[in-house]
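Shown next, in structure tokens, is the structure this report addresses.
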Amino acid sequence: MDHVVNAHNRLDTPIVRGEGAYLFDKDGKKYLDFAAGISTTSLGHCHPYITDKLKEQSSSLWHCSNIFTIPEQERLAERLTTLTFADKVFFCSSGLEATEAAIKFIRRYFYSKGQAKRNRIITIEGGFHGRSIAAISAGGNEKSREGFAPLLSGFDKVPRNDIKALEEKINNEIAAVFLEPIQSEGGVYPLDVEYLQKVREITKAQGIILCFDEVQCGYGRVGSLFHYQNVGIEPDMLTCAKAMGNGFPLAACLVKDYIAEAITPGTHGSTYGGNPLAMTVGNAVLDIMLKEGFFDHVKKISKDLKEKLLLLAKEFPEMILEVRGEGLLMGIELATPLADKIISRPLDKGLIITRVLNNKVVRVTPPLIIEDEHVNAACNMLYDLFFKIKGIQFIVNLILKLCGLHKDKEVISAADVMRNMITLHRSEGTMLQQDLDMLSSILDLAETEISQIMTHRRNLFSLDIDRNKEELIREILTSSHSRVPLWQKEPDNIVGVIHVKALINALREKNNKAEEVDITQVMSRPWFIPESTPLSVQLHNFRKNRKHLAFVIDEYGALQGIVTLEDILEEIVGEISDEHDLHDI
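Numbering-wise (our numbering), the sequence shown opens with residue 2 and increments by one.
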């Protein structure tokens, strides 16, 4: 990207193709797209019906400008006004242009009524309406506003869900309240329904225009065409984009007649807005969304996704503060600002998600056409990720404790800093080489899977539990192992593990009468773990469960090998002697 302005944080993954809920890179790797182009490709990538309609229109007419009547534009406007509160529609090419249109329409309306001084617009803190000067003056976070002063005047911000603060801003200069009913870029915060109801009451009573920005939450994402229809609160204006064209540049500003009357030829316009290609795509998108059962599917799959994300939060309460959102616009708020790490690591496994709110919220906005299999796959990948992070947290906190430093909850950042520290000390020679190697080995545990260090089942020493009891006990006691796996019927069917110390104690209780010892009462149940488990996680689990041995299985439950606590410790400090391994003494 040497010749492209560096305006975006890009993932180093060249995408060349899309199909349904998946994207594909130049090497053919498949990614489950739970970002949907930032809530845009809601019907999936390259939907065949939309593609066919686009091809058909492209062979007849692309552009003719708005000095002509465009049949597909008329059709889409009629459908939208039939389906919503609006009487008129202004078409453009992006959500930002829809924002600009809304601001101009609001001010033009009051100008046309002889109230030119009534031009101030109340917006909500945390809201996002685009990146033009007007849009960042109206909303946006501090980063999007920094360095672009002087911003435009005429906007008054109030805290989210604070009706008293809004009421205090009302005066004879206020023209409109402009808000996102669900703040997406601001951290996936749905505004309280009671708050929205009160805002509607106040604006109606004061003759103030209420405009909803549904660029991200609209067009099916919450299980209805627009979110306002879900909450039963009708605005005077509404902006929409993104999913409206399923990736094709298309947006609109929907307005009531009384506002539209203030817009006359020459007061506003768009070169590309409402072009035949975009209008054809817009109608094709509506064709699909208005099919019977479409929105019911969105509601059902949304419920399933939210339930699984809530289970994730319950499983990892120390890392996930909250799961919130509506429909298929969900946010996972983290305890620390690590969302950039969260989204980059699932990418390696084939999952695309995004981050918002100062790196503290992972945003989940999949296509609306996903099925249960997609939800399960995404949530399983997220579970594996948080599971791995939990292991990293244990390791980093262990290092910090050994170094006499405070516990740092920002576990991934701490690990990165520690690697840099190791590199620095190695180059300067200020720490012993073996100490540096040990620290590096500890950090590497998070990237190493159990399967890489386990003892393969072919080399596993185990005994048949059904053999003659005296012979079995004799072989256990004379072996060089402190713990011996026991199998039944076949070597891969492990039924228990017997600890030599426990067996000796049992024999003492029976006055060394082997025939009276019940092996099934002495042995412990086997502990099976997936071969993909990171070493850092297993080290934590060994400590938590006070166990020293686990059996490694593949995804089908077949035995692959065995791993011990000593195996992992040897990865950190090198070869160590086990007091029970007699052959090493």
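Ideal Cβ placement from N, Cα and C applies to all residues, glycine included. From a predicted model like this one, the values you see are computed outputs, not experimental measurements.
{"Item": "For the alpha helix (DSSP H) containing residue 38, list its first residue and its last residue.", "Value": "37-40"}
{"Item": "What first and last residue would you give for the alpha helix (DSSP H) that runs through residue 290?", "Value": "277-290"}
{"Item": "Of the choices 500, 452, 454, whose alpha-carbon is the least far from that of residue 464?", "Value": "500"}
{"Item": "Can you list, in chain order, the residues of its chain with a C-beta nearer than 8 Å to that of residue 436? Leave out the 5 residues immediately preceding and following it.", "Value": "Summary for residue 436: the model assigns pLDDT 46, below 50, so the residue's position carries little reliability; its value from the coordinates is reported in the next sentence. Same-chain partners within the cutoff: there are none."}
{"Item": "Within the same chain, show all residues whose beta-carbon is closer than 6 Å to that of residue 54, passing over the 5 residues directly before and after it, in chain order.", "Value": "281, 285"}
{"Item": "Could you pull out every residue in the same chain whose Cβ sits closer than 7 Å to the Cβ of residue 36, ignoring the five residues on either side in sequence?", "Value": "353, 354, 355, 366"}
{"Item": "Rounded to the nearest angstrom, what separates residue 26 and residue 94 at their Cα positions?", "Value": "27 Å"}
{"Item": "Rounded to the nearest angstrom, how far is the Cβ of residue 179 from that of residue 124, given a contact under 8 Å?", "Value": "5 Å"}
{"Item": "Determine the extent of the beta strand (DSSP E) in which residue 111 is found, giving its start and end residues.", "Value": "That residue, residue 111, is in no beta strand (DSSP E); its alpha helix (DSSP H) goes 96-113."}
{"Item": "Cutting at 8 Å between CB atoms, please list the residues of its own chain near residue 450, excluding the five before and the five after it.", "Value": "532, 533, 534, 535, 536"}
{"Item": "Skipping 5 residues on each side, what residues in its chain have a beta carbon closer than 7 Å to that of residue 309?", "Value": "376, 380"}
{"Item": "Is residue 512 buried or exposed, if buried means 16 or more other CB atoms sit within 10 Å of its CB?", "Value": "exposed"}
{"Item": "What number of angstroms, rounded off, separates the C-alpha of residue 15 from the C-alpha of residue 349?", "Value": "13 Å"}
{"Item": "According to the neighbour-count rule (16 or more other Cβ atoms, all chains shown, within 10 Å of its Cβ), is residue 568 buried or exposed?", "Value": "buried"}
{"Item": "My output table needs one value for residue 349: the three-state DSSP class, helix, strand or coil.", "Value": "helix"}
{"Item": "Under a Cβ-count criterion, where at least 16 other Cβ atoms within 10 Å of its own Cβ denotes burial, should residue 509 be classed as buried or exposed?", "Value": "exposed"}
{"Item": "Does the structure place the region 175-190 close enough to the region 125-137 that three or more beta carbon pairs sit under 8 Å?", "Value": "yes"}
{"Item": "Assess contact between the region 250-263 and the region 80-99, defined as three or more Cβ pairs (one per stretch) separated by less than 8 Å. Is contact present?", "Value": "yes"}
{"Item": "From what residue to what residue does the alpha helix (DSSP H) around residue 216 run?", "Value": "No alpha helix (DSSP H) holds residue 216; DSSP gives it neither H nor E."}
{"Item": "Looking at residue 299: is its Cβ nearer than 8 Å to the Cβ of residue 246?", "Value": "no"}
{"Item": "Let me know if residue 9 comes out buried or exposed under the rule of 16 or more other beta-carbons within 10 Å of its beta-carbon.", "Value": "exposed"}
{"Item": "Using only CA atoms, which one of 87, 492, 279, 483 lies nearest to residue 235?", "Value": "87"}
{"Item": "Quick one: is residue 160 buried, meaning 16 or more other Cβ sit within 10 Å of its Cβ, or exposed?", "Value": "exposed"}
{"Item": "In angstroms with no decimal places, state the Cα-to-Cα distance between residue 175 and residue 120.", "Value": "6 Å"}
{"Item": "Does the Cβ-Cβ distance between residue 33 and residue 275 come in under 8 Å?", "Value": "no"}
{"Item": "Use the C-beta contact count for residue 374: other C-beta atoms within 10 angstroms, 16 or more gives buried, fewer gives exposed.", "Value": "exposed"}
{"Item": "Using the Cα positions of residue 336 and residue 360, report the straight-line distance between them to the nearest angstrom.", "Value": "11 Å"}
{"Item": "Check whether the Cβ atoms of residue 489 and residue 498 sit closer than 8 Å, and answer yes or no.", "Value": "no"}
{"Item": "State the start and end residues of the unbroken alpha helix (DSSP H) segment that holds residue 168.", "Value": "164-170"}
{"Item": "Terminal residues of the continuous alpha helix (DSSP H) containing residue 273?", "Value": "Looking at the DSSP string, residue 273 is not in any alpha helix (DSSP H), and its letter there is neither H nor E."}
{"Item": "What span of residues does the beta strand (DSSP E) with residue 563 cover, start to end?", "Value": "560-565"}
{"Item": "What three-state label does DSSP hand residue 494 in the structure shown?", "Value": "strand"}
{"Item": "Counting along the chain, where does the alpha helix (DSSP H) carrying residue 203 start and finish?", "Value": "194-207"}
{"Item": "If you reduce the DSSP assignment to three classes, tell me which class residue 24 lands in.", "Value": "strand"}
{"Item": "Just to confirm my understanding: we take residue 624, look at its own chain, exclude 5 residues before and 5 after, and list those with CB closer than 8 Å. What are they?", "Value": "The requested residue 624 is not part of the displayed model; the chain covers only 2 to 586."}
{"Item": "Candidates 543, 368, 542: which alpha carbon is nearest residue 248's?", "Value": "368"}
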